[in-house]
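A short worksheet on the structure shown next.
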Amino acid sequence: MSIIQTYFDAFNAGDTNAMMDCLTADVAHHVNEGKIRTGKALFAEFNAHMSRCYRETLTDMVVFVNLDETRAAAEFIVNGTYLATDEGLPEAKGQTYRLPAGSFFTLRDGRIARVTTYYNLADWIAQVS
101 MSIIQTYFDA FNAGDTNAMM DCLTADVAHH VNEGKIRTGK ALFAEFNAHM
151 SRCYRETLTD MVVFVNLDET RAAAEFIVNG TYLATDEGLP EAKGQTYRLP
201 AGSFFTLRDG RIARVTTYYN LADWIAQVS
């Protein structure tokens with residue numbers, strides 16, 4: 101099983117510690133509509149925030165890995181529930197949403213060294229408003 105599949109399986113299980121095990125110590129996390137966060141500590145902080153505000157599972161997953169296993173990409177559907185109001189966004193009232201998204205990865209020594217995730221924020225806002 102690829103490290104990417106392991107990472108997403110951990111995401112869907114809500115196991116952020118297992119997600120962290122997939123990362124390099126200096127992981128660069130490129131957040132959609134946000135700043136780049138470097139290192140596992142900031143990745144863990146982001147995950148704690150996300151777990152408080154959102155409950156999400158990913159379906160319809162397609163993973164692509166290049167031949168030398170240094171780059172990867174995934175396309176999926178985010179199926180979520182908005183649990184707690186996230187600063188600067190609409191008020192959370194338990195709204196559900198379904199959103200296409202994609203992630204891109206740099207791989208190093210069998211671990212994820214970069215995670216970049218993209219989704220359409222305007223689409224998400226329209227669904228929860």
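Residue numbers (our numbering): 101 to 229. In this text, a Cβ means the ideal position worked out from N, Cα and C, and glycines have one as well.
### Message
Is the beta carbon of THR124 closer than 8 Å to that of ARG198?
### Response
no
### Message
I'd like the list of long-range same chain contacts for ARG152, defined as Cβ closer than 6 Å, with 5 residues on each side in sequence excluded.
### Response
ALA184
#### Entry: Cβ-based burial, ALA174 [other Cβ within 10 Å; buried from 16]
buried
### Separation of ALA201 from VAL178, as counted between CA atoms
7 Å
#### Entry: DSSP three-state assignment for ASN112, whether helix, strand or coil
helix
#### Entry: Selected residue, minimal CA-CA separation from ARG214, among VAL127, PHE111 and ASN112
VAL127
### Task
Quick one: using the 10 Å Cβ neighbour count with 16 as the cut-off for buried, is SER225 buried or exposed?
Before going further, note that residue 225 is Ile rather than Ser in the sequence given. Label assigned to ILE225: exposed.
### Query
Which whole-angstrom value describes the C-beta separation of VAL162 and SER102, a residue pair presumed to lie in contact below a C-beta threshold of 8 Å?
Actually they are not in contact, since the Cβ atoms of VAL162 and SER102 sit about 12 Å apart, beyond 8 Å.
#### Entry: Three-way DSSP call (helix, strand, coil) for SER151 in this model
helix
### Query
Just the Cα atoms here: how many angstroms apart are THR159 and SER203?
13 Å
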